[in-house]
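Take a look at the structure set out below.
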Amino acid sequence: MTERESRTLQKMTDPNEVKVETLLSIINSSAREAITEYKNTGHGVPGVDAGTLHPLDFATDTLALRKAIRLLEGACEQLNTILAPPQHTTYNFVHNYNWACIDVAVQSRIADVLDKYPEGLRVDVLADAVNLDKTKIARVLRVLALRGCFKEVKRDVFANTRLSLVLRSTSNVGSCIRHQREYPRYAAVLYETMIDQEFARSNEVEKAPRAFALKKEGKNNGFWEMNDEELDTFHKSMMGYSEVQNSSAVLHHYPWDNVSSVVDVGSGTGAMSIPLAKMFPHLRITDQDLPETMKLSRSVSPDIGYTPSGKVIFIFDQIWEKKAPEALLSGHVEFVPLNFLEESPVAGKDVYYLRSVIHDWPDDESRVILNNIRKVMGPNSRVLIHDCVLLRPFQEPAAEANEFSKAPEPTLLNFGSHTSHQLDLAMWLLSNGKERTLNEFKNIGASAGLVLTQTYDLVATTLLEFKIAQD
Numbered sequence: 001m002t003e004r005e006s007r008t009l010q011k012m013t014d015p016n017e018v019k020v021e022t023l024l025s026i027i028n029s030s031a032r033e034a035i036t037e038y039k040n041t042g043h044g045v046p047g048v049d050a051g052t053l054h055p056l057d058f059a060t061d062t063l064a065l066r067k068a069i070r071l072l073e074g075a076c077e078q079l080n081t082i083l084a085p086p087q088h089t090t091y092n093f094v095h096n097y098n099w100a101c102i103d104v105a106v107q108s109r110i111a112d113v114l115d116k117y118p119e120g121l122r123v124d125v126l127a128d129a130v131n132l133d134k135t136k137i138a139r140v141l142r143v144l145a146l147r148g149c150f151k152e153v154k155r156d157v158f159a160n161t162r163l164s165l166v167l168r169s170t171s172n173v174g175s176c177i178r179h180q181r182e183y184p185r186y187a188a189v190l191y192e193t194m195i196d197q198e199f200a201r202s203n204e205v206e207k208a209p210r211a212f213a214l215k216k217e218g219k220n221n222g223f224w225e226m227n228d229e230e231l232d233t234f235h236k237s238m239m240g241y242s243e244v245q246n247s248s249a250v251l252h253h254y255p256w257d258n259v260s261s262v263v264d265v266g267s268g269t270g271a272m273s274i275p276l277a278k279m280f281p282h283l284r285i286t287d288q289d290l291p292e293t294m295k296l297s298r299s300v301s302p303d304i305g306y307t308p309s310g311k312v313i314f315i316f317d318q319i320w321e322k323k324a325p326e327a328l329l330s331g332h333v334e335f336v337p338l339n340f341l342e343e344s345p346v347a348g349k350d351v352y353y354l355r356s357v358i359h360d361w362p363d364d365e366s367r368v369i370l371n372n373i374r375k376v377m378g379p380n381s382r383v384l385i386h387d388c389v390l391l392r393p394f395q396e397p398a399a400e401a402n403e404f405s406k407a408p409e410p411t412l413l414n415f416g417s418h419t420s421h422q423l424d425l426a427m428w429l430l431s432n433g434k435e436r437t438l439n440e441f442k443n444i445g446a447s448a449g450l451v452l453t454q455t456y457d458l459v460a461t462t463l464l465e466f467k468i469a470q471d
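This is the structure we're talking about:
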């Protein structure tokens, strides 16, 4: 805040006006911080209708940019909430079908078609290419173009933008969006599950809204029951989710140089372990997940081998050879099947890393997972839980304020960002899982004999380091 702005605030007597002026100052300063981050790349600030991605869009360390955007988004939304009529704001909560338009674009692969025509394509030709009605496609694209996703370069001629490029079928983010297309079905029965005698007070995975919706349709397949194509989409979507959350920030902001061995518990196809192996070639990495994940499907034909203990390992001879061949050649990576609800991971490693694992599960299962890890930890081993951390208006006494970044006054809790709470709802819908407060993480850690020793604010997520509690 400038000296002039400070003097202006001191002259004001209305506390609500002071808050508005403070929010305007936050918006200005955070926007300038974001501009600086873009200019530091030498490529300037991206245009709203740019047809190419900016080098910073998929950089592995954009923490400074994301901290600025966190403030900018929260302050803008809060300012609008203060100044707009309440009926306007609350109606906008539900009067939003961008998700449906995005689904049309992703399912019909419009961005793939337009990728071949950077100058734009007539809507009638586009409609023929994706076998949809041209008038309806135009309506969908015009809705999205209002948010900078696609652009109408001239009447009835559309082209990609920086936003629509991430919807291409080759994009992991596109897979992430495709994976979520069923979520509205589950959300639609949320209230029903809260009044249903069987579901209302259950925290079991089988009593989540997803299970309720499928039950109404006469289906009973569990969340983790997937065919080969669904499994492939799921793992690509997890890589896309990692990009959305900028999970790779953990590569830059945790002291991996002081670590020798890592177990990626619930590793998937290596969304985090592959970049970790490339950036820190000294690490000995063990990927552990269910056997079907280790084998993968279609895209990978595994070679089978054995660890010295006799456990079967599957070498991902296509994914890893393509993305991190040096890790395979060095022998610094192994793949060991694991059901973390029933057995413990490989013993005696320095770090046991769980990204987006604990939030999938209710408390009972989360305790089982951590207890199974605790059984095989060495005296100096650490558990890293990489998930969202929720803040609440009235924090528990044990949740010290200095353990993670707090939003500046007068921005709302969680920096005014609703993302972590929306993820909390998504976990509830899918599996009765949840995002947790810092104190809740401390409690489930303590139940496994672990104590929280360090937190790292990575904006969209938080990295929580646990060690064995000393008696």
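Using the UniProt record's numbering, read the sequence shown as starting at 1 and increasing by one per residue.
Even for Gly, the Cβ is constructed at its ideal location relative to N, Cα and C.
* Have a look at Val140, Val125, Val189, Leu121 and flag the residue whose alpha-carbon is nearest the alpha-carbon of Asn160. => Leu121
* Run the CB neighbour count on His252, radius 10 Å, all protein chains shown included, and call it buried at 16 or more, exposed below. => exposed
* Exposed unless 16 or more other CB atoms sit within 10 angstroms - verdict on Val125 -> exposed
* Closest by C-alpha distance to Asn92, when choosing among Val104, Ala129, Cys101, Glu77 -> Glu77
* So, are the CB atoms of Ala271 and Met239 less than 8 Å apart? -> yes
* If you draw a straight line from the C-alpha of Glu334 to the C-alpha of Val351, how long is it? -> 15 Å
* Asked: Based on the DSSP output, what are the partners of Thr437 in its beta bridges?
  -> Leu390
* Asked: In or out: Phe314 buried (at least 16 other Cβ within 10 Å) or exposed?
  -> Annotation note: pLDDT 40 at Phe314 (below 50); position unreliable, no value reported.
* To do: Return helix, strand or coil for Val333, following the three-state DSSP convention.
  => strand
* Thinking C-alpha only, which one of Val48, Pro184, Trp256, Asn80 is nearest Val20? -> Asn80
* **Close beta carbons around Met279, own chain, < 6 Å, minus the five adjacent residues each side** => Leu251
* To do: Indicate the three-state DSSP secondary structure (helix, strand or coil) for Leu341 in the structure shown.
  => coil
* Out of Leu430, Val346, Asp156, Leu283, which has the shortest C-alpha to C-alpha gap to Ala188? -> Leu430
* Give the range of the beta strand (DSSP E) segment to which Glu152 is assigned. => 151 to 154
* **Nearest neighbour of Val123, chosen from Val143, Gln107, Trp99, Glu152 [CA to CA]** => Glu152
* **Three-state secondary structure assigned by DSSP to Val157** => strand
* Report buried or exposed for Arg298, applying the criterion of at least 16 other Cβ atoms within 10 angstroms of its Cβ. => In this prediction, Arg298 scores a pLDDT of 27, lower than 50, which makes its location untrustworthy; the coordinate-derived value is nonetheless stated afterwards. Counting Cβ neighbours within 10 Å, Arg298 comes out exposed, since fewer than 16 surround it.
* Asked: What whole-angstrom Cβ distance do Trp428 and Ala208 have, given they're in contact under 8 Å?
  -> 7 Å
* Under 8 Å by Cβ, that's how I've got Thr455 and Cys388 pegged, so tell me the actual separation to the nearest angstrom. => Actually they are not in contact, since the Cβ atoms of Thr455 and Cys388 sit about 12 Å apart, beyond 8 Å.
* Asked: So what does DSSP say about Gln197, is it helix, strand or coil?
  -> coil
* Which same chain residues, not among the five before or five after Arg181, have their C-beta less than 8 Å away from its C-beta? -> Asp103, Val106, Gln107
* What are the boundary residues of the beta strand (DSSP E) that Arg355 is part of? -> 351 to 355
* **Cβ neighbours of Glu243 in the same chain (closer than 7 Å, five flanking residues each side left out)** => Phe58, Asn172, Val173
* Phe93 lies in the beta strand (DSSP E); which residues open and close that run? -> Element bounds for Phe93: not the beta strand (DSSP E) but the alpha helix (DSSP H), 86 to 94.
* **alpha helix (DSSP H) runs contained entirely in the region 107 to 143, provided each spans 4 or more residues** => 110 to 114, 123 to 130
* Going by CA-CA distance only, name the one from Tyr97, Ile137, Val336, Leu23 that's closest to Gly268. => Val336
* Asked: Distance, Cα to Cα, Lys134 vs Ala145?
  -> 16 Å
* **Alpha-carbon spacing of Pro15 relative to Lys216, whole angstroms** => 51 Å
* Can you tell me whether DSSP reads Val166 as helix, strand or coil? -> helix
* Tell me the DSSP bridge mates of Lys467? -> Arg382, Val451
* Would you identify the three-state DSSP class for Gly305, choosing helix, strand or coil? => The predicted model places Gly305 with a pLDDT of 41, which falls under 50 and marks its position as unreliable; any figure quoted below should be read in that light. Strand at Gly305.
* Do Ser237 and Cys149 have their C-beta atoms within less than 8 Å of each other? -> no
* Asked: Would the beta-carbon of Asn203 fall within 8 Å of that of Pro362?
  -> yes
* Kindly indicate the opening and closing residues of the beta strand (DSSP E) around Asp287. => 284 to 289
* Anyone know if the C-beta pair for Ile373 and Val357 falls short of 8 Å? -> no
* Please work out which residues of its chain come closer than 6 Å, Cβ to Cβ, to Arg185, disregarding the five sequence neighbours upstream and downstream, and give them in chain order. => Ala213
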